[in-house]
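Residue numbers (our numbering): 461 to 725. Using N, Cα and C, we set each Cβ at its ideal position, and we do this for glycine too.
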Ligand code: KIV
């Protein structure tokens, strides 16, 4: 796999080549992903749940993210490395700059991800103006689980869909270079993916996004939680973790995952 950059991902989108992304939290799994052709690795704050055993992502600290990003960076060779900015670490643009600086300088991240729409436009603008690539995250935003009243599909009514659509366009216009759309109707995700020039990566957002992301532990079936509808266990029919990750990459590229049973209306 050649070295992956934000320019590579833009080119993949233009050429209609689907982008397979997975979360990783350590060097060993990252090496498996490199060997299996995963072009984008996300150190998700989902580590709060799958590594730390927390109820949500809210307790995750910046120091946790820096530690795991550094571990992943040691296992990485060619993949683009994205790190999540944890809850309450980007409440102001200045705080976001400090957090992103730590994730990139101490952790070795190439891009940071943050949740939110209109309220984050100034922050995304400041980050990108300072040379920090930003991946935005809309739809179900796990850091807002208490405000949203649970882990629910977002954008089902016309007004909510309009807000997500407008937020996506606004985030792109202030410099976001990628967008994760989580748990939104497949039709809405397809429209947004078409409207944006930047890659849109879906999770529970149907097959028509420019790529897909899953939490590694979910797609390996290692989770004490109820498996969400949008997840497929790729280890169930594989001989090894590497085979499972390869099967995921192939399924995303060939658009056999996600299937209709993994999406929402
Ligand atoms: O934290 C995470 O792992 C994420 C992905 C599920 C997109 O944000």
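(request) Consider the C-beta atom of residue 506 and the heavy atoms of ligand 1; say whether any pair is separated by less than 7 Å. (result) Yes, the beta carbon of residue 506 sits closer than 7 Å to at least one heavy atom of ligand 1.
(request) Flag residue 542 as yes when its Cβ comes closer than 7 Å to any non-hydrogen atom of ligand 1, and as no otherwise. (result) No, the Cβ of residue 542 stays beyond 7 Å of every heavy atom of ligand 1.
(message) Any heavy atom of ligand 1 inside 7 Å of the beta-carbon of residue 683?
(response) No, the beta carbon of residue 683 sits no closer than 7 Å to any heavy atom of ligand 1.
(message) Which runs of the alpha helix (DSSP H) at least 4 residues long sit entirely within the segment 519-555? Give them in chain order.
(response) The alpha helix (DSSP H) runs lying completely inside the segment 519-555 and spanning 4 residues or more are 522-535, given in chain order.
(message) Pull the bridge partners of residue 596 from the DSSP assignment, please.
(response) By DSSP's assignment, residue 596 forms a beta bridge with 574, 639.
(request) Would you identify the three-state DSSP class for residue 691, choosing helix, strand or coil? (result) In this structure, residue 691 counts as coil in the three-state DSSP scheme.
(message) Quick check: residue 709 and residue 496, are their CB atoms within less than 8 Å of each other?
(response) Yes, Cβ-Cβ distance for residue 709 and residue 496 is below 8 Å.
(request) With distances taken Cα to Cα, identify the nearest neighbour of residue 580 among 566, 552, 677, 564. (result) Nearest C-alpha to residue 580: 552.
(message) Quick check: residue 493 and residue 543, are their CB atoms within less than 8 Å of each other?
(response) A distance of 8 Å or more separates the beta carbons of residue 493 and residue 543.
(request) Check whether the Cβ of residue 563 sits closer than 7 Å to any heavy atom of ligand 1, and report yes or no. (result) No, since every heavy atom of ligand 1 falls outside the 7 Å radius drawn around the Cβ of residue 563.
(request) Could you tell me if the beta carbon of residue 600 falls within a distance shorter than 7 Å of some heavy atom in ligand 1? (result) For ligand 1, not one heavy atom lies less than 7 Å from the Cβ of residue 600.
(message) Within 8 Å, do at least three Cβ pairs link the segment 607-621 to the segment 639-648?
(response) These segments touch.
(message) For residue 727, report the span of its alpha helix (DSSP H) as first-last.
(response) In the structure displayed, the chain extends from 461 to 725; residue 727 sits before or after that span and is not available.
(message) Counting beta carbon pairs with one atom in the segment 475-482 and one in the segment 668-678, are three or more of them shorter than 8 Å?
(response) Output reads yes: the segment 475-482 touches the segment 668-678.
(message) Under DSSP, the beta strand (DSSP E) around residue 710 begins and ends at which residues?
(response) Here residue 710 belongs to no beta strand (DSSP E); instead the alpha helix (DSSP H) covers 701-713.
(message) At a cut-off of 7 Å, would you count residue 663 as near ligand 1, judging by its Cβ distance to the nearest heavy atom?
(response) Yes, since a heavy atom of ligand 1 falls inside the 7 Å radius drawn around the Cβ of residue 663.
(request) With hydrogens ignored, establish whether the beta-carbon of residue 675 is closer than 7 Å to any heavy atom of ligand 1. (result) It does: the Cβ of residue 675 is within 7 Å (strictly closer) of some heavy atom of ligand 1.
(request) Would you identify the three-state DSSP class for residue 649, choosing helix, strand or coil? (result) Looking at residue 649 - three-state DSSP - the assignment turns out to be helix.
(message) So, with DSSP's three-state summary, where would you put residue 461?
(response) The three-state reading of DSSP puts residue 461 in coil, since its state is none of H, G, I, E or B.
(message) Suppose you measure from the CA of residue 512 to the CA of residue 558; what does that come to, to the nearest Å?
(response) Residue 512 and residue 558 have their alpha carbons spaced roughly 24 Å apart.
(message) Considering only heavy atoms of ligand 1, does any lie closer than 7 Å to the CB of residue 528?
(response) Residue 528 Cβ: outside cutoff for every heavy atom of ligand 1.
(request) Taking residue 658 as the reference, give the member of 565, 703, 596 with the closest Cα. (result) Ranking the options by Cα distance to residue 658, first place goes to 596.
(message) Assuming residue 567 is part of the beta strand (DSSP E), what are its boundary residues?
(response) In the DSSP assignment, residue 567 falls outside any beta strand (DSSP E) and carries neither an H nor an E.
(message) Whole angstroms are fine: how far does the CA of residue 640 sit from the CA of residue 563?
(response) Distance between the alpha carbons of residue 563 and residue 640 is about 19 Å.
(message) So the candidates are 501, 523, 514, 510; which of them puts its Cα closest to the Cα of residue 532?
(response) It is 501 whose Cα lies nearest to the Cα of residue 532.
(request) Flag residue 710 as yes when its Cβ comes closer than 7 Å to any non-hydrogen atom of ligand 1, and as no otherwise. (result) Not a single heavy atom of ligand 1 lies less than 7 Å from the C-beta of residue 710.
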